[in-house]
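Read the structure below first, then the notes.
Residue numbers (our numbering): 177 to 363.
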């Protein structure tokens, strides 16, 4: 067991219990010897891809793009898990709703029912049936796809910009505290 987990298991204050798992993930990402901008960029890329209707091959897409843009792949993979079978219907319905202001389509409640039905189909599939998963999502009518893609792009851009700024700030804060701690222990 790691030292952080042992401290967590011994029962520290309630406030610190929530922070320790996140802090250990942040330490692990920083130890990958990548720049803070590459790590924050990985978080942002993963967030953007998570909000796009690419369920089924999001991880492959995010690994390819993170490699192409020299971003942190683990950070991108972690955040792409925002969308999964359980969160797909509400997230995609919200994206559709945003996109429907630009491109009109069916009623939002009908679209939500469609996404729930697709989620139920995806639950029955094996995790490795990527092509079948993606073709299930592509089976949506064009009346739904256009507002969904537009809304996903808008929401993904907004969310990824926010995630980039927040994660960059957190990483710089973490690094500053680490440098300060190293200076104190080296005296």
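Backbone N, C-alpha and C fix where the C-beta goes; we use that ideal spot for every residue, glycine too.
{"Item": "Provide the residue span of the alpha helix (DSSP H) that contains residue 271, from first to last.", "Value": "264-275"}
{"Item": "Just to confirm the assignment, what range does the alpha helix (DSSP H) spanning residue 369 have?", "Value": "Outside the shown range of the chain (177 to 363) lies residue 369, about which nothing can therefore be said."}
{"Item": "For residue 227, which three-state DSSP category applies?", "Value": "coil"}
{"Item": "Residue 298 and residue 368 - do their beta-carbons sit closer together than 8 Å?", "Value": "As shown, the chain starts at 177 and ends at 363. That puts residue 368 outside it, with no answer to give."}
{"Item": "By the DSSP assignment, the alpha helix (DSSP H) with residue 253 in it spans what residues?", "Value": "249-256"}
{"Item": "Which residue wins for smallest C-alpha separation from residue 216, given the options 259, 349, 324, 362?", "Value": "349"}
{"Item": "Mark residue 361 as exposed unless 16 or more other C-beta atoms lie within 10 angstroms of its C-beta, in which case mark it buried.", "Value": "exposed"}
{"Item": "Would you kindly check if the distance between the Cβ of residue 278 and the Cβ of residue 320 is under 8 Å?", "Value": "no"}
{"Item": "With DSSP as the reference, label residue 178 as helix, strand or coil.", "Value": "Summary for residue 178: the model assigns pLDDT 47, below 50, so the residue's position carries little reliability; its value from the coordinates is reported in the next sentence. In the structure shown, residue 178 sits in coil (DSSP, three-state: anything other than H, G, I, E or B)."}
{"Item": "For residue 355, count the other beta carbons within 10 Å of its own beta carbon; 16 or more makes it buried, fewer makes it exposed. Which is it?", "Value": "exposed"}
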